[in-house]
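For reference, the structure is listed below as structure tokens.
There are 2 protein chains.
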Amino acid sequence: MLKIAVYGKGGIGKSTFSSNLSAAFGRAGKKTIQVGCDPKHDSTFTLTGNLIPTVVEVLSGCKFKTDEIERDEIIFKGKFGVDCVEAGGPPAGAGCGGYVVGETVKLLEKFGVYKDYEVMIFDVLGDVVCGGFSAPLQHSEQVIIVATNDFDSIFAANRIATAIGIKQKTGGGTLAGLVANRASNAELVGPYAARIGSSVLTVIPENDGVRKSRLTAQTVFEQDPTGFIGGPWTNLAQRLLAGVPLVVPTPIPERELFSQLGAD
Amino acid sequence: MLKIAVYGKGGIGKSTFSSNLSAAFGRAGKKTIQVGCDPKHDSTFTLTGNLIPTVVEVLSGCKFKTDEIERDEIIFKGKFGVDCVEAGGPPAGAGCGGYVVGETVKLLEKFGVYKDYEVMIFDVLGDVVCGGFSAPLQHSEQVIIVATNDFDSIFAANRIATAIGIKQKTGGGTLAGLVANRASNAELVGPYAARIGSSVLTVIPENDGVRKSRLTAQTVFEQDPTGFIGGPWTNLAQRLLAGVPLVVPTPIPERELFSQLGAD
Ligand SMILES: Nc1ncnc2c1ncn2[C@@H]1O[C@H](COP(=O)(O)OP(=O)(O)O)[C@@H](O)[C@H]1O
Ligand SMILES: Nc1ncnc2c1ncn2[C@@H]1O[C@H](COP(=O)(O)OP(=O)(O)O)[C@@H](O)[C@H]1O
Ligand code: SF4
Ligand SMILES: [Mg+2]
Ligand SMILES: [Mg+2]
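Listed below in structure tokens is the structure:
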């Protein structure tokens, strides 16, 4: 089983990347589940065509007694045979933002989900890798960081790399690589990935159809049935199935990152 | 004393906005302190010209015994008479990301900082408004949310508005308004602000000098000594000193936000 955690700063394109990757695995006949771990709870929107009920909504409906929750209350069928889950998040300002992500990971374990799927993808907010937001690191074998050629997304990637280094000591996943999204090349992401001992898995260009996917609720494979636009995802799914090198990254000291990348 | 908390999603321009606002208050002769509350610890970079030592660095140096810390170990002099503090953040993956922000707010209270300044600005990461990241809400009277005309920053603004509603019940600050940054108008921010019972304080255009300020370490008032580019900040500082209406916002149900703002 491939257990993948996708991290990156908010708005960088994690959900878009994850959904199209899940779809690519589904099209390759692999039984796949995608778990959205962002309070924004729209990770699986293009796979289901709507905003599915979140774990936090279901938990609130039964006064947070996880024993009372059935599997089909939180796992929904999506396109290409991909099953979908959305953790959601407690309202901002109340409790720990990552709490529900941690609970979701535990619930899936309780349902024995790990043995039912060939691919599992966690799509996680990476601005703070603390509390429940770091739980998916513990339950995955490989991590993909989505960034672009700008300071903020690489700074967030460096913090995620730090968290990977810490969590892998207790069995957490290691780094498969970085994805440069909405980019024509990897001019900043590439040197950074190499510097931390990793590499760029793929570069995904800016694409207008993808930009509107939150409105059209389509994956790249529906937007372009020829599979051309979906190329980067189909190719990456094949490579991940074949196995890519996994490393424990060596993050760059933050102050050095500033002097190297300073301004966009 | 004006106690202002500036919130917004990561990378939206909170620090740029805060530093120029602090500079505008300083130029108006008001004794001002700016407190960076983002693990990125670059909030006051254009005010000091460098990355000042963070509270977390100072705390780690004395095994987190806050009693041993002196005021001048964490408060540094910046331009225009603005004093600067950076909370910093624990390494990602270790403990609560917001912990240090909470500790910083407590330390400043211990030093009696609240009575020494006429203006205090907290610059806070707004992706998750939980743990210590919500502490500045408790210690401020008014909140300014920085957004732009896109879905992600408005979704984050809505979560921040939710947190304001919760924290104001125990004495937390209320909403002064939203700022549309890197925008030529407030076409999405405006209707959203009105919808939650607030308004747009100012629209700040995209500006190349501002974009490079992380490299040049300059506020707008050094880039343009005529004060023209700094106009929005000078004007807003005056209005905040005169007093703007403060409201308890009524956030929009999240699913409604999706149907209204769906795609960029
Ligand atoms: N390669 C791309 N080209 C164009 N738009 C993109 C691309 N990747 C993501 N987007 C757009 O960026 C926005 C944020 O993407 P999303 O996947 O929701 O980010 P995240 O999950 O990291 O918050 C969405 O509107 C999405 O359509
Ligand atoms: N009005 C603007 N015009 C151009 N660039 C801007 C503007 N506001 C912010 N920026 C740039 O955006 C980047 C992120 O801004 P920053 O203030 O660091 O965001 P935050 O503090 O919210 O993470 C910086 O490179 C900054 O120079
Ligand atoms: S651990 Fe992280 S997610 Fe939880 S309260 Fe602290 S800052 Fe928020
Ligand atoms: Mg997402
Ligand atoms: Mg900042």
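Sequences listed follow chains H and Y, in order. Residue numbers for the first sequence follow the working numbering, so the first one is 1 and each next one is one higher. Residue numbers for the second sequence follow the working numbering, so the first one is 1001 and each next one is one higher. We treat Cβ as the ideally placed atom computed from N, Cα and C, and that holds for glycine. All values reported here derive from a predicted model rather than from experimental measurement.
When a residue counts only if its C-beta is closer than 6 angstroms to some heavy atom of ligand 3, which residues count, in chain order?
H/Cys96, H/Gly97, H/Gly98, H/Val128, H/Cys130, H/Gly131, H/Phe133, Y/Cys1096, Y/Gly1097, Y/Gly1098, Y/Val1128, Y/Cys1130, Y/Gly1131 and Y/Phe1133
Comparing the CB of Y/Ser1022 with every heavy atom of ligand 5, is any distance shorter than 7 angstroms?
Here residue 1022 of chain Y refers to the residue found at position 22 when the second sequence is read from its first residue. No.
Opposing strand residues paired with H/Ile74 [DSSP bridges]:
Here residue 74 of chain H corresponds to residue number 74 of the first sequence, with the count starting at 1. Beta-bridge pairing links H/Ile74 to no other residue.
Check whether the region 134-153 of chain H and the region 174-192 of chain H touch, using three or more Cβ-Cβ pairs below 8 angstroms as the test.
yes
Name the chain H residues that come within less than 7 angstroms of Y/Gly1097, Cβ to Cβ?
On the second sequence, residue 1097 of chain Y is found 97 positions in, with the first residue counted as 1. Simply Val128 and Cys130.
Under the three-state reduction of DSSP, which class applies to H/Asp150: helix, strand or coil?
The residue labelled residue 150 of chain H in the question sits at position 150 within the first sequence. Here H/Asp150 sits in coil by DSSP.
Does DSSP put H/Asp264 in a helix, in a strand, or in coil?
For the purposes of this step, residue 264 of chain H is identified with residue 264 of the first sequence, where counting begins at 1. With a pLDDT of only 49 at H/Asp264, under 50, the local geometry of the prediction cannot be trusted, and the value read off the model is given with reservation. H/Asp264: coil per DSSP, three-state reduction.
Would you report the Cα separation of Y/Gly1008 and Y/Lys1014, rounded to the nearest angstrom?
Sequence index remark: in the second sequence, residue 1008 of chain Y carries index 8 (1-based). Sequence index remark: in the second sequence, residue 1014 of chain Y carries index 14 (1-based). Distance between the alpha carbons of Y/Gly1008 and Y/Lys1014: 6 angstroms.
Say whether chain Y places a C-beta atom closer than 8 angstroms to the C-beta of H/Arg71.
If you number the first sequence from 1, residue 71 of chain H lands on position 71. Output row for H/Arg71: interface = no.
Would you say H/Ile166 lies against chain Y (beta-carbon separation less than 8 angstroms)?
What you label residue 166 of chain H is simply residue 166 of the first sequence in a count that begins at 1. Chain Y contact via Cβ: present.
With distance defined between alpha-carbon atoms, name the residue in Y/Glu1103, Y/Pro1251 and Y/Thr1219 nearest to Y/Val1336.
Shown here, chain Y extends from 1001 to 1264; a query on residue 1336 of chain Y therefore has no answer.
Determine the chain H residues that contact Y/Pro1205 at a beta-carbon separation under 9 angstroms, and present them in chain order.
If you number the second sequence from 1, residue 1205 of chain Y lands on position 205. Correct list: empty, because the minimum Cβ distance to chain H is about 17 angstroms.
Reference Y/Met1120; option with closest CA among Y/Gly1126, Y/Phe1064, Y/Val1143 and Y/Val1100:
The count along the second sequence starts at 1 and reaches residue 1120 of chain Y at position 120. Comparing Cα positions, the closest option is Y/Val1143.
Using only the heavy atoms of ligand 2, determine whether one of them is closer than 7 angstroms to the beta carbon of Y/Asp1150.
Within the second sequence, the letter at position 150 stands for residue 1150 of chain Y. No; taking the cut-off as 7 angstroms, the Cβ of Y/Asp1150 has no heavy atom of ligand 2 nearer than that.
If you measure from the CB of Y/Ser1015, is any heavy atom of ligand 5 nearer than 7 angstroms?
For this step, residue 1015 of chain Y is matched to residue 15 along the second sequence. Answer for Y/Ser1015: yes, Cβ within range of ligand 5.
CB-CB length for Y/Leu1261 against Y/Ile1154, believed under 8 angstroms
Residue numbering aside, residue 1261 of chain Y sits at position 261 when the second sequence is read from its first letter. Residue numbering aside, residue 1154 of chain Y sits at position 154 when the second sequence is read from its first letter. That belief holds up - the Cβ atoms of Y/Leu1261 and Y/Ile1154 are roughly 6 angstroms apart, short of 8 angstroms.
Between the C-alpha atoms of Y/Gly1093 and H/Cys130, what's the straight-line distance to the nearest angstrom?
Taking the first residue of the second sequence as 1, we reach residue 1093 of chain Y at position 93. Taking the first residue of the first sequence as 1, we reach residue 130 of chain H at position 130. For Y/Gly1093 and H/Cys130, the distance between alpha carbons rounds to 5 angstroms.
Taking 7 angstroms as the cut-off, is the CB of H/Ile204 close to at least one heavy atom of ligand 1?
Translated into positions along the first sequence, residue 204 of chain H becomes position 204. Checking the Cβ of H/Ile204 against ligand 1 gives yes.
Contact between the region 1234-1253 of chain Y and the region 1184-1203 of chain Y: three or more CB pairs below 8 angstroms?
yes
Go ahead and pull the three-state DSSP assignment for H/Ile52.
As a first step, residue 52 of chain H is located in the first sequence; it is residue number 52 there, counting from the start. Correct three-state label for H/Ile52: coil.
May I ask you to list the residues that DSSP assigns as paired with Y/Thr1032?
The residue given as residue 1032 of chain Y occupies position 32 in the second sequence. In DSSP, Y/Thr1032 forms a bridge with Y/Val1119.
Where the alpha helix (DSSP H) through Y/Thr1170 begins and ends:
Walking along the second sequence from the start, residue 1170 of chain Y turns up at place 170. Where Y/Thr1170 is concerned, there is no enclosing alpha helix (DSSP H), given that its DSSP letter is neither H nor E.
Quick one: what's got a C-beta closer than 8 angstroms to Y/Thr1219's C-beta in the same chain, skipping five residues either side?
Numbered from 1 along the second sequence, position 219 holds the residue referred to as residue 1219 of chain Y. These residues qualify, in order along the chain: Ser1019, Asn1020, Ala1023, Thr1046, Leu1047, Lys1079, Phe1080, Ser1213 and Gly1230.
Any beta carbon of chain Y sitting closer than 8 angstroms to that of H/Ala135?
The residue you call residue 135 of chain H lines up with position 135 of the first sequence. It does not; no Cβ of chain Y falls within 8 angstroms.
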